[in-house]
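If you read the sequences in order, they're chains A and B. 104 is the number of the first residue of the first sequence in our numbering; add one for each residue after it. 104 is the number of the first residue of the second sequence in our numbering; add one for each residue after it. Data first, discussion second: the structure below is written as structure tokens.
There are 2 protein chains.
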Amino acid sequence: MDEFFIQQLCLIGVGSIGGSLACALRKAGVVKEIVGVGRNIENLKRAVQLGVIDRYEQDLQKAVVSADMVVLAVPLGAMESIFKSIAPCLNKNTILTDVGSAKGSVVQAAVNVFETLPPNLVPAHPIAGTEKSGVEAAFAELFNARRIIITPTAVSDKHAVLQVRSMWEACGAEVIEMDVEHHDEVLAATSHLPHMLAYTLVDTLARMDDSQEIFDYAAGGFRDFTRIASSDPQMWHDICLANHVALVKVLERFSSELKELTEAVQRNDSDYLKAMFSRAKRARDTFCNK
Amino acid sequence: MDEFFIQQLCLIGVGSIGGSLACALRKAGVVKEIVGVGRNIENLKRAVQLGVIDRYEQDLQKAVVSADMVVLAVPLGAMESIFKSIAPCLNKNTILTDVGSAKGSVVQAAVNVFETLPPNLVPAHPIAGTEKSGVEAAFAELFNARRIIITPTAVSDKHAVLQVRSMWEACGAEVIEMDVEHHDEVLAATSHLPHMLAYTLVDTLARMDDSQEIFDYAAGGFRDFTRIASSDPQMWHDICLANHVALVKVLERFSSELKELTEAVQRNDSDYLKAMFSRAKRARDTFCNK
Chain A
104 MDEFFIQQLC
114 LIGVGSIGGS
124 LACALRKAGV
134 VKEIVGVGRN
144 IENLKRAVQL
154 GVIDRYEQDL
164 QKAVVSADMV
174 VLAVPLGAME
184 SIFKSIAPCL
194 NKNTILTDVG
204 SAKGSVVQAA
214 VNVFETLPPN
224 LVPAHPIAGT
234 EKSGVEAAFA
244 ELFNARRIII
254 TPTAVSDKHA
264 VLQVRSMWEA
274 CGAEVIEMDV
284 EHHDEVLAAT
294 SHLPHMLAYT
304 LVDTLARMDD
314 SQEIFDYAAG
324 GFRDFTRIAS
334 SDPQMWHDIC
344 LANHVALVKV
354 LERFSSELKE
364 LTEAVQRNDS
374 DYLKAMFSRA
384 KRARDTFCNK
Chain B
104 MDEFFIQQLC
114 LIGVGSIGGS
124 LACALRKAGV
134 VKEIVGVGRN
144 IENLKRAVQL
154 GVIDRYEQDL
164 QKAVVSADMV
174 VLAVPLGAME
184 SIFKSIAPCL
194 NKNTILTDVG
204 SAKGSVVQAA
214 VNVFETLPPN
224 LVPAHPIAGT
234 EKSGVEAAFA
244 ELFNARRIII
254 TPTAVSDKHA
264 VLQVRSMWEA
274 CGAEVIEMDV
284 EHHDEVLAAT
294 SHLPHMLAYT
304 LVDTLARMDD
314 SQEIFDYAAG
324 GFRDFTRIAS
334 SDPQMWHDIC
344 LANHVALVKV
354 LERFSSELKE
364 LTEAVQRNDS
374 DYLKAMFSRA
384 KRARDTFCNK
């Protein structure tokens, strides 16, 4: 096996995730040149200043043509148009991957553009991130000991899969393979659903007549609980559209259990409440303290 | 105004909240003797070892008769039976207060026992706490710069209100007065509802076929979001029964907004999703960063 090394990384989207990947790869010494592409020139200039990228390129095709690794770190809603722009100039040997939070929609976008899926496309999703956006929030340790799910397609080339795996391992991450559909179901439950609940909770309270007072009396637990409601609205809009089948399924499951709980509270059902809270506490303590 | 000082504090329930109150009062030098009462002798012995209380008393009536301040720091479901036990020997001058998370049920329990409310009863609720239980989790700084809501009744004596206020101010807390019903509505929204959501989320996921795998892929946000599902099930059972009217109201309000969101996801309603997430992020950033 050749040692893993990227001659030229083309990073499309230099935000907190893409920027952190760049920092981590540079820190690991496995990349020669990092070229950033993005719509916001100020952000790209800042990324150069911060040393996150070596230079930026305004012409997407120019940036892609000489890269051996292309990473799409853009909102899910932008994937298809970027595939369209880079398709004509994508080198046959260039590895293509992304960091999107849903994977079915990325594969579908690729099918729409390329007709047959490129063997060098290996979709991936780092299970890491903060509620902060932008290159200022990027740091090399973000993926350290975190999980990265890669979801090779049926036609993904073995070498390409290995390259994407090696890239993330170089960042200190643990890489797991999963099929696309399963990824989207698991993430709907563990990430997309909690975000919907946090957004809905904050919005429900904000719409109450005495909302200022209500937030005034919120304790520390409330802050933790709603931290994820500070996440980027555009990103979460995109995730909802991209993963709406799995998300609706788990939202309905949650709603039905919340309805049961509400009815139990209404009829003062001691046994139900004790059993449910104890079961949940046990599950949380067991699973989250591993 | 006389300087605030407690000759003998009778602390009924020496857990994390009661214990922290004891530690804070001692640190502030405003108490001579702290006598703990509780059902669990081992816990009381531990509290003496830790220096949280001076001594413990197994006979509730003996502990109450010579106290100038009695604090009930027990689950809401135990309030009425404790009122019953102490009623015959409660000194006319003794101040009586509690730390329950709902206030209407405490006042109702007092009405049931005393027939007419004692003028020296001043219900209170510290907006502080952790998901950890027991005297081991007690520390003097828990209430520092935190809010304490006191909810005097229509017949509460002015001097008694002042004493309870002074006690909490001595712990470094900010004391606010509120009427009982309003307290219960505000807390249902900011504390009781989030706990119901966290318990329901964890339980929904735990009941899925691939629950172990699902929890394996949960990221940091999930840990924060579900931390409160590790809270004491008995305590939350009691809170649900005690505050079920206000809680059901806010649960239904939340469910109806979650249903709207689910429908918006289902029909890929871009405008709805963007507007809702942006509104929630704005509210969260504005209210919680004050």
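Idealized CB from N, CA, C, for every residue including glycine. It should be emphasised that the depicted structure is a prediction, and the values quoted were computed from it without experimental measurement.
Checklist entry - Is the number of C-beta pairs between the stretch 191-206 of chain A and the stretch 363-371 of chain A that are closer than 8 angstroms three or more? => result no
Checklist entry - Skipping 5 residues on each side, what residues in its chain have a beta carbon closer than 6 angstroms to that of M172 (chain B)? => result I109, L112, I198
Item to check | W271 (chain B) at chain A interface by Cβ criterion, 8 angstroms | outcome: no
Checklist entry - Taking A170 (chain A) as the reference, which of A:L147, A:S373, A:A291, A:I115 has the closest Cα? => result A:I115
Checklist entry - Does Q111 (chain B) have its Cβ less than 8 angstroms from a Cβ in chain A? => result no
Checklist entry - For H228 (chain B), is the classification buried or exposed, using 16 other Cβ atoms within 10 angstroms of its Cβ as the cut-off for buried? => result buried
Item to check | Residues that I317 (chain B) contacts on chain A, provided the C-beta gap is smaller than 8 angstroms | outcome: V289, A292, T293
Checklist entry - Any residues in the stretch 364-391 of chain B with a beta carbon nearer than 7 angstroms to a beta carbon of chain A? Which ones, in chain order? => result L364, T365, V368, Q369, N371, S373, L376, K377, M379, F380, S381, R382, A383, K384, A386, R387, D388, F390, C391
Checklist entry - Are the CB atoms of G237 (chain B) and N146 (chain B) nearer to each other than 8 angstroms? => result yes
Item to check | Chain-ordered chain A contacts of H340 (chain B) [CB-CB under 8 angstroms] | outcome: S373, L376, K377, F380
Next on the checklist: Between which residues of its own chain and M104 (chain A) is the CB-CB distance below 7 angstroms, once the five residues before and five after are set aside?
Outcome noted: A caution first: M104 (chain A) carries a pLDDT of 49, below 50, which makes its placement in the model unreliable, though a value can still be read off. Cβ within range, chain order: n/a, list empty.
Item to check | Cβ pair P226 (chain B), T254 (chain B) closer than 8 angstroms | outcome: yes
Checklist entry - Buried or exposed: where does E218 (chain A) fall if 16 or more other Cβ atoms within 10 Å of its Cβ makes it buried? => result exposed
Checklist entry - When the distance is taken between beta carbons, is V155 (chain A) closer than 8 angstroms to M182 (chain A)? => result no
Checklist entry - How far does the alpha helix (DSSP H) with D312 (chain A) in it reach, from first residue to last? => result Taken as a continuous stretch (DSSP letters only), D312 (chain A) belongs to no alpha helix (DSSP H), as it is neither H nor E.
Item to check | Element boundaries [beta strand (DSSP E), containing I198 (chain A)] | outcome: 198-201
Checklist entry - Over what stretch of residues does the beta strand (DSSP E) that includes G139 (chain A) continue unbroken? => result 134-140
Item to check | Continuous alpha helix (DSSP H) stretch holding C391 (chain A): start and end | outcome: 373-391
Checklist entry - If we ignore side chains and look at the alpha-carbon of each, how far apart do K165 (chain A) and S359 (chain A) end up? => result 51 angstroms
Next on the checklist: Below 8 angstroms on C-beta distance, what does S123 (chain A) contact in chain B?
Outcome noted: Per Cβ cutoff of 8 angstroms: no residues; S123 (chain A) is ~14 angstroms from chain B at best.
Next on the checklist: For F107 (chain B) and Q266 (chain B), what's the separation of their Cα atoms in angstroms?
Outcome noted: 7 angstroms
Checklist entry - Helix, strand or coil: how does DSSP classify M281 (chain B) here? => result coil
Checklist entry - With DSSP run on the structure shown, which of helix, strand or coil describes Y302 (chain A)? => result helix
Checklist entry - Should T256 (chain A) be labelled buried (16 or more other beta-carbon atoms within 10 Å of its own) or exposed? => result buried
Checklist entry - Is it the case that the Cβ atoms of A292 (chain A) and V214 (chain A) are separated by a distance below 8 angstroms? => result no
Next on the checklist: Distance check for C343 (chain B) and E316 (chain A), CA to CA, integer angstroms please.
Outcome noted: 22 angstroms
Checklist entry - Should G121 (chain B) and V174 (chain B) be called a contact, given that it needs their Cβ atoms to be closer than 8 angstroms? => result yes
Item to check | Sub-8 angstroms separation of I251 (chain B) and A273 (chain B) beta-carbons | outcome: no
Next on the checklist: Within 10 Å of its beta-carbon, does F287 (chain A) have 16 or more other beta-carbons around it, so buried, or fewer, so exposed?
Outcome noted: For clarity, residue 287 (chain A) is Asp in the given sequence; the question names Phe instead. That one is buried.
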